[in-house]
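Heads up: the structure comes next, in structure tokens.
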Amino acid sequence: MPFHYDKGEDGIVTLTMDMSGSANVMNDEYRELMGDAVSKLEGDEITGVIITSAKKTFFAGGDLNVLIAITPENASQALEGVEELKSQLRRLEKLGKPVVAAINGTALGGGFEIALASHRRIVLNDNSIRVGLPEATLGLLPGGGGVTRMVRLLGVQKALPLLMEGKQLRPERALQAGIVHQVVDTREELISEARAWILANPAPTQPWDVQGAGVPDLKFGDPNSYGLLAAAPAVLSKKSHGVYPAPEKIMATAVEGAYVDFDTALQIEGRYFVELASGQVSKNMITAFWFNLNEVNGRASATGQRVAKLGVLGAGMMGAGIAEVSAKAGIEVVLKDVSLEGAQKGAQGLEGITPTDSDDDLAGCDLIIEAVFENRELKNKVLPAAEAKALPDAVIASNTSTLPITGLASAVTAPERFIGLHFFSPVPKMRLVEIIRGEKTSEETLQRALDYVRQIGKTPIVVNDSRGFYTSRTFGTYVIEAISMLAEGVAPALIENVAKKSGMAVGPLAVSDEVTLSLQLKIHDQTVADDPSLVSESPAYDLIRELVSLGRSGKSTGAGFYEYPEGGKKFLWPELTTRYAKADAGVSEQDVRDRLLFVQSLETVRCLDEGVLTSVADANIGSIFGFGFAPWSGGTLQFINSYGVQAFVERADYLADTYGERFRPPASLRERDRF
Ligand code: NAD
Numbered sequence: 001m002p003f004h005y006d007k008g009e010d011g012i013v014t015l016t017m018d019m020s021g022s023a024n025v026m027n028d029e030y031r032e033l034m035g036d037a038v039s040k041l042e043g044d045e046i047t048g049v050i051i052t053s054a055k056k057t058f059f060a061g062g063d064l065n066v067l068i069a070i071t072p073e074n075a076s077q078a079l080e081g082v083e084e085l086k087s088q089l090r091r092l093e094k095l096g097k098p099v100v101a102a103i104n105g106t107a108l109g110g111g112f113e114i115a116l117a118s119h120r121r122i123v124l125n126d127n128s129i130r131v132g133l134p135e136a137t138l139g140l141l142p143g144g145g146g147v148t149r150m151v152r153l154l155g156v157q158k159a160l161p162l163l164m165e166g167k168q169l170r171p172e173r174a175l176q177a178g179i180v181h182q183v184v185d186t187r188e189e190l191i192s193e194a195r196a197w198i199l200a201n202p203a204p205t206q207p208w209d210v211q212g213a214g215v216p217d218l219k220f221g222d223p224n225s226y227g228l229l230a231a232a233p234a235v236l237s238k239k240s241h242g243v244y245p246a247p248e249k250i251m252a253t254a255v256e257g258a259y260v261d262f263d264t265a266l267q268i269e270g271r272y273f274v275e276l277a278s279g280q281v282s283k284n285m286i287t288a289f290w291f292n293l294n295e296v297n298g299r300a301s302a303t304g305q306r307v308a309k310l311g312v313l314g315a316g317m318m319g320a321g322i323a324e325v326s327a328k329a330g331i332e333v334v335l336k337d338v339s340l341e342g343a344q345k346g347a348q349g350l351e352g353i354t355p356t357d358s359d360d361d362l363a364g365c366d367l368i369i370e371a372v373f374e375n376r377e378l379k380n381k382v383l384p385a386a387e388a389k390a391l392p393d394a395v396i397a398s399n400t401s402t403l404p405i406t407g408l409a410s411a412v413t414a415p416e417r418f419i420g421l422h423f424f425s426p427v428p429k430m431r432l433v434e435i436i437r438g439e440k441t442s443e444e445t446l447q448r449a450l451d452y453v454r455q456i457g458k459t460p461i462v463v464n465d466s467r468g469f470y471t472s473r474t475f476g477t478y479v480i481e482a483i484s485m486l487a488e489g490v491a492p493a494l495i496e497n498v499a500k501k502s503g504m505a506v507g508p509l510a511v512s513d514e515v516t517l518s519l520q521l522k523i524h525d526q527t528v529a530d531d532p533s534l535v536s537e538s539p540a541y542d543l544i545r546e547l548v549s550l551g552r553s554g555k556s557t558g559a560g561f562y563e564y565p566e567g568g569k570k571f572l573w574p575e576l577t578t579r580y581a582k583a584d585a586g587v588s589e590q591d592v593r594d595r596l597l598f599v600q601s602l603e604t605v606r607c608l609d610e611g612v613l614t615s616v617a618d619a620n621i622g623s624i625f626g627f628g629f630a631p632w633s634g635g636t637l638q639f640i641n642s643y644g645v646q647a648f649v650e651r652a653d654y655l656a657d658t659y660g661e662r663f664r665p666p667a668s669l670r671e672r673d674r675f
């Protein structure tokens with residue numbers, strides 16, 4: 001049986017979870033196994049129970065294939081399943097015998113809920129182990145008693161941030177946070193300490209089952225509790241921006257549960273859980289952050305090679321970041337700039353990075369990444385010079401954000417070994433790398449690039465060559481749409497607020513200032529010069545030109561759409577409103593929102609049609625991690641799914657009739673059921 005039941009001579013039962021798949025997960029099989037195990041424990045003469053796992057992880061959590069299939073129609077059935085699961089854990093903690101979770105691997109979600117229903121939680125001190133309840137990051141709440149137990153264990157003030165942000169903690173941090181009791185160094189100790197604790201605590205009671213216990217910091221009639229409750233909505237809106245139902249329901253579960261007994265609180269939790277699980281946002285987030293993310297991270301590698309020595313050309317903002325993350329992953333890095341001082345500045349004195357001003361130091365590199373100024377002639381010069389020094393089969397990459405890879409590849413002798421590795425700023429923080437295949441890039445080069453991205457712990461998407469690739473091209477439509485609306489007379493504050501309320505990571509005008517308006521103009525003018533058919537006319541460019549001529553080029557120049565007072569917070573340039581905004585621009589708030597989101601989803605469909613994108617996962621992950629497309633929506637294509645393709649097409653047709661042909665849905669979309 002995949003839950004091994006071993007009773008020692010001392011009467012201690014070790015229950016080793018070893019389900020049929022690669023990990024222990026909460027599904028029908030689990031429910032049956034746990035049900036049988038608890039019944040057997042109840043009927044047996046025992047001293048105590050140690051729960052542990054035969055797998056690499058302790059327990060992976062809920063089975064997402066099951067969770068994503070919960071609908072409003074089958075919700076009551078789902079609720080029954082959750083109730084049974086919780087009653088098993090309740091029986092376990094009320095056996096009258098000590099139960100210890102010997103956490104020998106990562107315990108997340110449902111796995112940590114099993115641990116919470118144990119009287120003692122001992123964790124192996126291993127840096128790869130994480131514990132916690134990350135359900136909120138998938139649009140869910142911990143519905144196996146997790147919210148109720150955490151809130152009663154820690155109080156709402158400490159529990160809510162962990163729950164609402166879905167934090168995963170390393171063992172030591174979990175100990176500090178008070179969610180585990182003990183951390184040990186070896187597997188042997190894990191079991192011996194569990195045994196010792198059982199023998200010393202023959203009949204423990206859970207803190208929430210102690211007479212008169214409740215939520216430590218939320219008591220009926222206590223004025224401090226009311227202060228806490230008064231602050232709660234502000235905390236919530238900061239976390240959820242009104243588009244994430246999970247943090248809202250977690251808070252509601254915690255607060256409503258605080259005024260009732262434990263078992264009633266569990267019922268409240270169950271109802272909210274099913275509400276979230278049957279809702280659209282959890283489907284979107286599970287699709288993106290689980291299925292899509294696993295797909296892009298799991299791309300099989302043919303080479304298994306690791307980069308030993310990396311040469312980075314250009315020690316500016318991007319080059320320095322690329323050198324830093326690579327050195328931290330244990331790769332020997334040579335960082336080259338025109339002057340040694342420049343290279344040293346970029347190297348930041350980090351171990352493993354050799355700053356230089358000479359190509360000779362690139363000898364022996366098996367990967368070169370170019371990150372000099374965005375200038376084709378310059379790149380054409382530095383790339384062959386580096387290629388000549390690197391290993392004969394080295395992969396040569398460019399971090400260009402706009403120049404087509406196929407064109408740059410002609411600068412080197414072996415275009416099949418040339419590829420785009422597009423990082424995002426700031427490099428240490430942004431986890432995405434967009435890998436761009438040029439026309440001649442070989443499959444092996446792609447595989448080696450994928451291996452490198454994985455080696456430095458980032459998430460890759462793979463796209464085919466095109467101007468702006470996928471991310472810059474699509475993000476550009478968002479920014480230009482916003483500026484077009486400004487030119488039409490929509491109030492700038494409305495545009496920024498609606499963008500943020502719709503879940504975009506950054507306001508389009510603020511980010512435009514970051515990128516600098518003059519750079520956007522330069523890219524636009526270059527594109528028009530190369531191929532005018534690539535650019536659709538928009539009043540946005542005249543407005544940008546006007547701001548640049550007024551000396552308002554963006555943040556780096558101290559003024560753009562925003563003012564940047566020294567030492568103060570930025571604010572929208574007041575004259576922007578008086579100059580451009582009209583009292584009634586005739587664009588409703590709903591239209592502002594949909595124009596900002598639809599324009600990106602439609603551009604994504606075009607990228608798919610043109611073969612720039614080859615998978616839905618690349619689109620969803622690239623959009624969320626690359627340019628902060630609303631995570632609640634699950635990404636640019638999942639957004640269309642969740643809208644419903646037909647409804648999306650109808651709405652896009654309306655936007656096209658009203659605001660321009662850029663919103664006209666491509667024919668391919670009209671024929672689709674979903675992505
Ligand atoms: P940057 O201006 O900060 O740095 C460029 C560096 O290249 C400078 O330190 C410069 O001295 C150096 N350089 C110039 N000529 C050189 C030469 N011959 N040999 C070696 N070094 C030389 O620029 P950045 O923002 O780091 O951008 C670099 C590249 O990355 C560009 O192609 C850019 O399009 C791309 N990129 C930028 C971002 C971003 O957000 N800034 C994002 C993705 C990609």
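Going by this note's numbering, the sequence shown opens with residue 1, and the numbers climb by one from there.
Built from N, CA and C at the ideal position, the CB exists for glycine as well.
This structure is a prediction, so every number in the text was calculated from the model and none was measured.
Pick from the options that is closest to residue i, judged by C-alpha positions
i      : options                           : result
ARG149 : THR253, LYS167 and ALA174         : THR253
LEU486 : LYS167, GLY554 and LEU543         : LEU543
THR412 : SER398, VAL183, VAL13 and PHE423  : One point to set straight first is that residue 412 is Val, not Thr, in the sequence displayed. When only C-alpha atoms are compared, the closest one is SER398.
GLY507 : ILE461, VAL592, GLN447 and ARG120 : VAL592
VAL548 : GLN526, SER512 and GLU566         : SER512
LEU403 : PHE639, SER472, ALA117 and GLY503 : SER472
ALA288 : GLY342, ASP393 and ALA617         : ALA617
SER425 : PHE625, ILE51 and ILE114          : PHE625
ASP33  : GLU341, MET17 and GLY21           : The displayed chain sequence assigns Leu, not Asp, to residue 33. For the residues GLU341, MET17 and GLY21, the minimum Cα distance to LEU33 belongs to MET17.
THR406 : ARG606, PHE469, GLN455 and ALA388 : PHE469
ARG306 : ALA449, GLU42 and TRP573          : ALA449
ARG467 : GLU661, GLU610, VAL260 and ARG672 : GLU610
Where residue i sits in the DSSP three-state scheme
i      : result
ASN464 : strand
ASP361 : helix
GLY330 : coil
LEU95  : coil
ILE456 : coil
GLU671 : coil
HIS4   : strand
SER398 : strand
ILE480 : helix
MET504 : coil
MET164 : helix
PHE423 : strand
ALA194 : helix
Within 7 Å, strictly: CB atoms of residue i and residue j
i      : j      : result
ALA359 : ALA385 : First, the amino acid is wrong: residue 359 is Asp here, not Ala. Their beta carbons are under 7 Å apart, which means ASP359 touches ALA385 by this criterion.
LEU367 : VAL395 : yes
ARG166 : PRO134 : One detail in the question is off: residue 166 reads as Gly in this sequence, not Arg. Yes.
THR604 : THR459 : no
ALA308 : LEU190 : no
VAL490 : ALA585 : yes
GLY143 : PHE273 : yes
GLU546 : GLY270 : no
ARG121 : VAL180 : yes
GLY321 : PRO428 : yes
VAL183 : PRO171 : yes
ALA37  : PHE3   : yes
GLN455 : ALA329 : yes
ASN104 : THR52  : yes
Supposed contact pair residue j and residue i - C-beta distance, whole angstroms, cut 8 Å
i      : j      : result
ALA213 : ARG152 : 7 Å
THR71  : SER278 : 6 Å
THR445 : GLU488 : Going by Cβ atoms, the distance from THR445 to GLU488 rounds to 45 Å, so no, they are not a contact pair.
GLY111 : PHE59  : 3 Å
With contact counted as at least three CB pairs below 8 Å, one residue from each stretch, are the segment 91-102 and the segment 42-62 in contact? Note that the segment 91-102 touches the segment 42-62; at least 3 beta-carbon pairs, one per stretch, sit closer than 8 Å.
Check whether the segment 633-642 and the segment 476-486 touch, using three or more Cβ-Cβ pairs below 8 Å as the test. Contact fails: fewer than three Cβ-Cβ distances are below 8 Å.
On the three-pair Cβ rule with 8 Å, is the segment 329-338 touching the segment 307-315? Enough Cβ pairs lie closer than 8 Å, so yes.
So does the segment 523-537 actually touch the segment 617-632, counting three or more Cβ pairs closer than 8 Å? Taking 8 Å as the limit for Cβ pairs, the verdict is that the segment 617-632 does not touch the segment 523-537.
Given 8 Å, three or more beta-carbon pairs between the segment 139-147 and the segment 273-292: Counting Cβ pairs under 8 Å, three or more are found: they touch.
Would you call the segment 433-445 and the segment 463-472 in contact, with 3 or more CB pairs under 8 Å? They touch, by the three-pair rule.
Three or more C-beta pairs under 8 Å: does that hold for the segment 155-164 against the segment 247-266? Yes, they touch.
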